[in-house]
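**Q** Before we start, here is the structure in question, set down as structure tokens.
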Amino acid sequence: MFLFYGPRILLLAAVLPAIYLLIKVYQLDRMEREPVDLIVKLVIYGMIATALAALIEDALMDKATSNFVAYFGVVGCTEEGLKYLFVNHGTWKSREFNCLFDGIVYCISVSLGFALMENILYVFNYGLSVAWVRAITAIPGHACFGIFMGVWYGMAKKAQDRAQYGRSTLYRIMAFIIPVLIHGTYDYLATSDNYWFFLFIVLLFFVSYRLVIHQSNNDQYI
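Here's what the structure looks like:
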């Protein structure tokens, strides 16, 4: 593959889809845009999460008793759990976290950092053809997982700041569980049924797009 495409071409093909989506979401943050250095930090956190997830999944995947356990219990929980831990570590106590839509921006930043690093590994191992497929499936898929995580994460922060601690805890749990369920379904269908997988990603992308636009248009201070 390197005889036809140099490493620069492969790297660009791997990173541009994630960067494009990140910029588009960043532009939707109309009330009070987040500092670029914070976004960069979260993207790096997402890239670190990719390496940690690979180690954990490598250790646990052989113990999975079925595809359901593998994709929901191992992959879904590991990847979305690490994303949540990193976004929580990097933003929960930040003074910049003062709008509901910030939760989406933060979670998508970590998610796309994860997707970016994962994509680099895939493209350099399997070639440019993989980049085109992942650009319209896995990359926006991770962004969608981040959107759903971010909605609940922002609501959790709002509840926390209003001393609604029980509700905040519930929303934080949902910020983990909902992406795990969506991610697990994505991976399960991707490896078992092309027809249902196609229908699923069309629905997922449509709902996620409508959701992120709605949240952007109805953003409010926490």
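Numbering (UniProt numbering), first residue to last: 1 to 222. Beta carbons are placed, not taken as given, at the ideal position from N, Cα and C, and that holds for glycine.
1) Within this structure, are the beta carbons of G76 and G184 separated by less than 7 Å?
2) Taking the alpha helix (DSSP H) that R167 belongs to, which residues open and close that run?
3) Using a Cβ-Cβ cut-off of 7 Å (strictly less than) and excluding sequence neighbours within five positions of residue 235, which residues of its own chain qualify?
4) In angstroms with no decimal places, state the Cα-to-Cα distance between G134 and N119.
5) P179 and E80 - do their beta-carbons sit closer together than 7 Å?
6) Looking at the strands, I want to know which residues DSSP matches up with C99.
7) I need the DSSP call for M47, collapsed to helix, strand or coil.
8) Tell me which same chain residues have a C-beta within less than 6 Å of the C-beta of F116, skipping the five on either side of it?
9) Between T137, Q215, G154 and F86, which has its C-alpha nearest V40's C-alpha?
10) What residues in its chain sit with their C-beta under 6 Å from that of D161, if we drop five residues either side in the sequence?
11) Would you mind stating whether L181 and L112 have Cβ atoms separated by less than 7 Å?
12) Quick one: grab the DSSP three-state call for E34.
13) Which residue's Cα is closest to the Cα of D102: T191, M31, N194 and V43?
14) Need the endpoints of the alpha helix (DSSP H) that T78 sits in, please.
15) When the distance is taken between beta carbons, is L12 closer than 7 Å to V123?
16) Comparing alpha-carbon positions, which option in L121, C99 and S66 lies nearest A54?
17) Taking the alpha carbon of V212 as the point to measure from, which residue in D29, A138 and R8 has its own alpha carbon closest?
18) Put R162 into one of helix, strand or coil per three-state DSSP.
19) Look up I136 in the DSSP assignment and say whether it is helix, strand or coil.
20) Would you kindly work out how many angstroms separate the C-alpha atoms of A156 and Y171, rounded to a whole number?
21) Between which two residues does the alpha helix (DSSP H) harbouring K24 extend?
22) Taking 8 Å as the limit between beta carbons, can you name the residues of its chain near V130, skipping five residues before and five after?
**A** Based on what the coordinates show:
1) G76 is a Cβ neighbour of G184, given a cutoff of 7 Å.
2) Under the DSSP assignment, R167 falls in the alpha helix (DSSP H) whose first and last residues are Y165 to A190.
3) With the chain covering 1 to 222 only, the question about residue 235 has no answer from this structure.
4) According to the sequence as given, residue 134 is Arg; it is not Gly. Straight-line Cα distance between these residues: approximately 8 Å.
5) In terms of Cβ geometry, E80 and P179 form a close pair [threshold 7 Å].
6) Y221
7) Note: M47 maps to helix in three-state DSSP.
8) For the record, residue 116 in the displayed sequence is Leu; it is not Phe. Excluding five sequence positions before and after L116, the CB atoms of its chain that fall closer than 6 Å to its own CB belong to V15 and A18, given in chain order.
9) Relative to V40, the option among T137, Q215, G154 and F86 whose CA is nearest is F86.
10) I222
11) No.
12) coil
13) M31
14) C77 to T91
15) no
16) Nearest to A54 by C-alpha distance, out of L121, C99 and S66, is L121.
17) D29
18) Per DSSP, reduced to three states, the secondary structure at R162 is coil, with no helix or strand assignment.
19) coil
20) One C-alpha to the other measures close to 5 Å.
21) P7 to L28
22) Y122 and V123
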